[in-house]
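Here the structure is laid out as C-alpha cells; the discussion comes afterwards.
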Amino acid sequence: MAINFERLAGNTFVARGPTNIGLYICRREGVPGESVLAEGVPIEAQSGKAASQAHGGSRAFLIDSGGDADAGRRILRECERLGVHLAGIINTHSNADHCGGNAFLQARIGCAVCATEAEAAFLGYPLLETSFLAGGYPQKALKNKFLMAPVSRATHILNPPCALSLDAEGQIQMRTLFKGQVQVRALPEGVVSGEPAPRAEPESQSDPQSECRIVSLPGHYFGMVGVMTPDRVFFAADALAGKPILEKYHIFFFYDLAAELETLAMLETIEADWFVPSHAEPTQDIRPLVELNRRKINEIADVIVGLCAGGQDVRESGGHSLEDIFAGVCAHYGISLDDNQHVLVGSTIRSYLSWLSNQGRLEYSFINGRMIFKVKQ
Numbered sequence: 007m008a009i010n011f012e013r014l015a016g017n018t019f020v021a022r023g024p025t026n027i028g029l030y031i032c033r034r035e036g037v038p039g040e041s042v043l044a045e046g047v048p049i050e051a052q053s054g055k056a057a058s059q060a061h062g063g064s065r066a067f068l069i070d071s072g073g074d075a076d077a078g079r080r081i082l083r084e085c086e087r088l089g090v091h092l093a094g095i096i097n098t099h100s101n102a103d104h105c106g107g108n109a110f111l112q113a114r115i116g117c118a119v120c121a122t123e124a125e126a127a128f129l130g131y132p133l134l135e136t137s138f139l140a141g142g143y144p145q146k147a148l149k150n151k152f153l154m155a156p157v158s159r160a161t162h163i164l165n166p167p168c169a170l171s172l173d174a175e176g177q178i179q180m181r182t183l184f185k186g187q188v189q190v191r192a193l194p195e196g197v198v199s200g201e202p203a204p205r206a207e208p209e210s211q212s213d214p215q216s217e218c219r220i221v222s223l224p225g226h227y228f229g230m231v232g233v234m235t236p237d238r239v240f241f242a243a244d245a246l247a248g249k250p251i252l253e254k255y256h257i258f259f260f261y262d263l264a265a266e267l268e269t270l271a272m273l274e275t276i277e278a279d280w281f282v283p284s285h286a287e288p289t290q291d292i293r294p295l296v297e298l299n300r301r302k303i304n305e306i307a308d309v310i311v312g313l314c315a316g317g318q319d320v321r322e323s324g325g326h327s328l329e330d331i332f333a334g335v336c337a338h339y340g341i342s343l344d345d346n347q348h349v350l351v352g353s354t355i356r357s358y359l360s361w362l363s364n365q366g367r368l369e370y371s372f373i374n375g376r377m378i379f380k381v382k383q
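Per this note's numbering, the very first residue in the sequence shown carries number 7; after that it's consecutive.
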C-alpha cells in the first residue's frame, strides 16, 4: 500500500491507511524560520531537491512507523520526496502495526526511536506481546507480523508528560512537563535491559512552538502515549476506534478498561485543531467518537453481565466460565475467530471480567477446577 503524507496543518502531515502515520517537520531551536512550510503551496511543489534547499535539509519526527519493513521503505521514499530527514520515530505504543517499520529505518538511516519504558521493552522483545496475549508460550501460528514486529531498540525513553524538540545540530532534546489539570493515572512500566537510554529531564528553557508534547494515554496498552504537535494536531493512537471498526468487529482491544474510560474523558478536554486516531479519519471534533467508544464499552459490559446472569441453567451451575462467556460474546456479535482474533478478543474479554469484578458487578469462585463468574448479589 502506498504511503503518501498529506498536510493536515502547518508542518504536520498524515499518511492515511489502516494505521495512520504522522510526520512533523521540525523547527530546530536556534535556526530561525527553519521548516516553516508555505501554506497553500502543494507539497509536490516543495518536494525533492527544491524542498531540501528551501527547508535547509529539514529534519522530522515520524509518529509510528507502519506494520513492516515495506512500510518503513515506503516512508523513507516519501521522506526523500519531501526532502526531509527522519531525526526520530515517536512510537505511540508497541503493537506491531505501529512499530513494524522501526527496524528497517533504524538499520537504514540510524534514526532515534522514542518510546515509554514499558513499550520499549516490547519493542526490544516482540515475543512478549504474543506471550502476553496467549497467556503463555505462543503457538507457531501467533508468531506472525501482525502480532510480532521485527526487533528495534528505543534510544530515548519517554516519561510523559514530556516534550521533544531538536537543537541546532538536529539532536533530540527532551524535557519534562508539569501535569495539567486532567490527571491520567500511570500504569506499571517495564524495564529495558542493556545500556540505559536517555530520559526526559527537567528543563525550563524551551520554545513551545518547536516541540512535540507527549501525554500518557493508558487503557489500550501498557504505556501508550499521544502526541501533540506545535500545529495543534493531536495524534491519539489507539485510545479509540473508528465507527467502521466498531460496527464490523465490535471488540476493540483494551488492556485496562478503567484507565481507558479515564482516557476517553481526558480526550474530551484536550484543546486541538485536529485529532488523528490511528484507526479512524482525522477529525476536528473528537467528542462524538469518544462517546461512540464509551457506549460500545458499556454495551459490551452489559452483554457480559447478562451472560453471567443467564437463565435457570446458569444459576443452577453457579455461573459461567471464561470459555462460556467468550463463546457467548462471540455468538452475540457474530465474531468468527482465527488464531489472532482468538487471543486478541480473548485477552480483551478477560480485561472486561477483571474490570467488572473490580467494580463489584461480578464475582467469581472456583468450582470443579474452573473459574466461574456470576452477577454479584
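The beta carbon of each residue, even a glycine, is placed where N, CA and C say it ideally should be.
Note that the structure is a prediction, hence the values are computed from the model and not measured.
If you draw a straight line from the Cα of Ala315 to the Cα of Ser342, it is about 24 Å long. With 16 or more neighbouring CB atoms inside 10 Å of its own CB, Asp237 falls in the buried class. Counting other Cβ atoms within 10 Å of its Cβ, Met7 stays below 16 and is therefore classed as exposed. When the five nearest sequence neighbours on each side are left out, the beta carbons in the same chain lying within less than 8 Å of the beta carbon of Asn299 are those of Leu246, Ala247, Leu252, Phe258, Leu270, in order along the chain. Residue environment: Val239 is assigned as buried (16 or more neighbouring CB atoms within 10 Å of its CB, all protein chains considered). The three-state secondary structure of Ala243, taken from DSSP, is strand. Per DSSP, the unbroken alpha helix (DSSP H) holding Ile331 starts and ends at 328-339. Boundaries of the alpha helix (DSSP H) around Gln365: 345-365.
By the 16-neighbour rule on beta-carbons within 10 angstroms, Thr275 is exposed.
The Cβ atoms of Cys218 and Phe67 lie closer than 7 Å to each other. The residue from Pro24, Gly334, Asp244 with its alpha-carbon nearest to that of Gly72 is Pro24. Rounded to the nearest angstrom, the gap between the Cα atoms of Gln145 and Asn346 is 11 Å. In this model, Ala278 and Arg22 are separated by some 19 Å (Cα to Cα). According to the DSSP assignment, Glu12 belongs to the beta strand (DSSP E) that extends over 12-15.
Ala126 sits buried, since 16 or more C-beta atoms from the chains shown fall within 10 Å of its C-beta. The C-beta of Glu175 has fewer than 16 other C-beta atoms within 10 Å across all chains shown, which makes the residue exposed.
In the displayed model, Gly248 falls within coil according to three-state DSSP, outside both helix and strand. Under the three-state reduction of DSSP, Met230 is assigned to coil, being neither helix nor strand. Counting the other Cβ atoms within 10 Å of the Cβ of Ser284 gives 16 or more, which makes it buried.
Our two residues, Pro294 and Met272, have alpha carbons roughly 14 Å apart in a direct line. Taking C-beta separations shorter than 6 Å and ignoring five residues to either side along the sequence, the partners of Tyr339 in its chain run His256, following chain order. In the structure shown, Ala121 adopts extended strand secondary structure according to DSSP, grouped into three states.
Val231 places its beta carbon less than 7 Å from that of Ser222. The straight-line gap separating the alpha-carbon atoms of Asp330 and Ser360 is approximately 16 Å. Looking from the CA of Ile220, the closest CA among Ile310, Asn165, Tyr261, Val351 belongs to Asn165. Going by C-alpha positions, Ala243 is about 8 Å away from His99. Taken through DSSP and simplified to helix, strand or coil, Gly28 comes out as strand.
Phe372 is bridged by DSSP to Met377.
A residue is called buried once 16 or more other Cβ atoms fall within 10 Å of its Cβ, and Pro250, having fewer, is exposed. By the C-beta density criterion, Tyr261 is buried, having at least 16 other C-beta atoms within 10 angstroms. Where Pro294 is concerned, there is no enclosing beta strand (DSSP E), although the alpha helix (DSSP H) around it starts and stops at 293-315.
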